[in-house]
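J.: Using the working numbering, read the sequence shown as starting at 25 and increasing by one per residue.
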Amino acid sequence: MPFFLILLLALLGCPAANGQAEHPLTGRKIAPVMGYAGAEWLERSEREKEEAPEMAIEAMGVLKGMNVADIGAGTGYFSIRLAGKVGPTGRVYANDVQPEMLARIRERTAKLHLTNIETVLGSEADPRLPIGKMDIVLLVDVYHEFSQPQRMLDAIRTSLKPDGRLVLLEYRKEDPTIPIRPDHKMSIPEVRTELEAQGFRMEKVLDTLPRQHLFFFVKTL
């Protein structure tokens with residue numbers, strides 16, 4: 025069976041693999057990372073309708089000159105859009121743990137003549153972002169895949185400016201009609217519990233997007 029079909033079936037509800045790790049605070053099952061072979065899923069035409077990316081970015085308040093990190097950037101679906109918002113005086117740090125994803129982003133930025141996107145190869149425990157430089161760190165449908173969420177959050181916190189914000193988009197677990205496997209969704213209590221334990225405070229959560237929660241956090245430590 026082609027990998028893309030396997031991935032699609034997994035996202036739409038196949039049983040979780042045996043031996044999935046759990047978050048120690050919430051017991052949430054940690055989802056497997058989407059591999060490069062499933063990259064086309066990130067560029068599917070339905071995504072505009074399902075996720076309303078421009079609406080999400082508008083709600084984030086991205087401004088010219090900002091430094092924004094897109095962790096788990098994949099093919100650059102959000103990174104490309106963010107580059108237009110921060111302008112030539114800003115910078116987008118497109119992070120991923122898969123070199124193949126970053127190579128694809130570099131190909132796209134070259135074709136579009138974008139010079140304000142920097143690709144960053146991270147690890148499962150550290151996104152390897154500049155310390156204290158980020159105005160916004162964005163996690164789009166990726167936090168639930170962190171194999172070491174506590175260490176990643178600690179590293180993200182050090183990358184933020186004192187007034188910087190961490191923004192998460194996660195499919196709403198509270199809504200059973202959203203056709204995504206449960207371990208690829210998150211509830212408000214899960215996100216709040218896990219992030220507040222790592223030195224973040226939830227400013228607000230918006231449910232104006234078609235299928236996702238939009239969380240805003242600031243540092244407390």
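Glycine included, every Cβ here is placed at the ideal spot set by N, Cα and C.
Quantities reported herein were computed from a predicted structural model and do not represent experimental measurements.
Measuring only the C-alpha atoms, how far is T113 from E72?
T.: Within the sequence shown, numbered from 1, the residue matching residue 113 stands at position 89. Within the sequence shown, numbered from 1, the residue matching residue 72 stands at position 48. So the alpha carbons of these two residues sit roughly 27 Å apart.
J.: Take the Cβ of A41 as the centre, count every other Cβ of all protein chains shown within 10 Å, and call the residue buried at 16 or more, exposed below.
T.: For the purposes of this step, residue 41 is taken as the residue at position 17 of the sequence shown. Caution is warranted here: a pLDDT of 40 is assigned to A41, below 50, making its placement in the model unreliable, and the coordinate value is therefore given only provisionally. A41 should be labelled exposed.
J.: Give me the Cα-Cα distance between A107 and I95, rounded to the nearest whole angstrom.
T.: By one-based count along the sequence shown, residue 107 stands at place 83. By one-based count along the sequence shown, residue 95 stands at place 71. Going by the C-alpha atoms only, they are around 14 Å apart.
J.: D187: buried (16+ other C-beta within 10 angstroms of its C-beta) or exposed?
T.: For the purposes of this step, residue 187 is taken as the residue at position 163 of the sequence shown. D187 is exposed by the Cβ-count criterion.
J.: Check the DSSP bridge columns for Y117 and list the partner residues they point to.
T.: On the sequence shown, position 93 is the one that residue 117 refers to. Its beta-bridge partners are A93 and E142.
J.: Considering only their Cβ atoms, is the gap separating T143 from A93 smaller than 9 Å?
T.: Within the sequence shown, the letter at position 69 stands for residue 93. Within the sequence shown, the letter at position 119 stands for residue 143. Cβ atoms of A93 and T143: not closer than 9 Å.
J.: Report the rounded CA-to-CA distance for L192 versus R235, giving the unit in angstroms.
T.: For this step, residue 192 is matched to residue 168 along the sequence shown. For this step, residue 235 is matched to residue 211 along the sequence shown. Spanning the two alpha carbons is a distance of roughly 13 Å.
J.: Going straight from the alpha carbon of V242 to that of V86, what length do you get?
T.: Residue 242 sits at position 218 when you count from the first residue of the sequence shown. Residue 86 sits at position 62 when you count from the first residue of the sequence shown. Using only the alpha carbons, I get a separation of about 15 Å.
J.: Please determine, among E74, T99, M79 and M90, the residue with the shortest C-alpha to C-alpha distance to L66.
T.: Looking up residue 66 in the sequence shown gives position 42. Of the listed residues, the one whose Cα sits closest to L66 is T99.
J.: If distances are taken between C-alpha atoms only, which option among T217, D178 and S211 comes closest to L230?
T.: Residue mapping note: residue 230 aligns to position 206 of the sequence shown, counting from 1. Of T217, D178 and S211, the residue nearest in Cα terms is S211.
J.: Is the region 159 to 171 touching the region 193 to 213, taking contact as three or more C-beta pairs under 8 Å?
T.: Yes, they touch.
J.: In three-state DSSP terms, what is H208?
T.: Taking the sequence shown and counting its residues from 1, one reaches residue 208 at position 184. DSSP places H208 in helix when its eight states are reduced to three.
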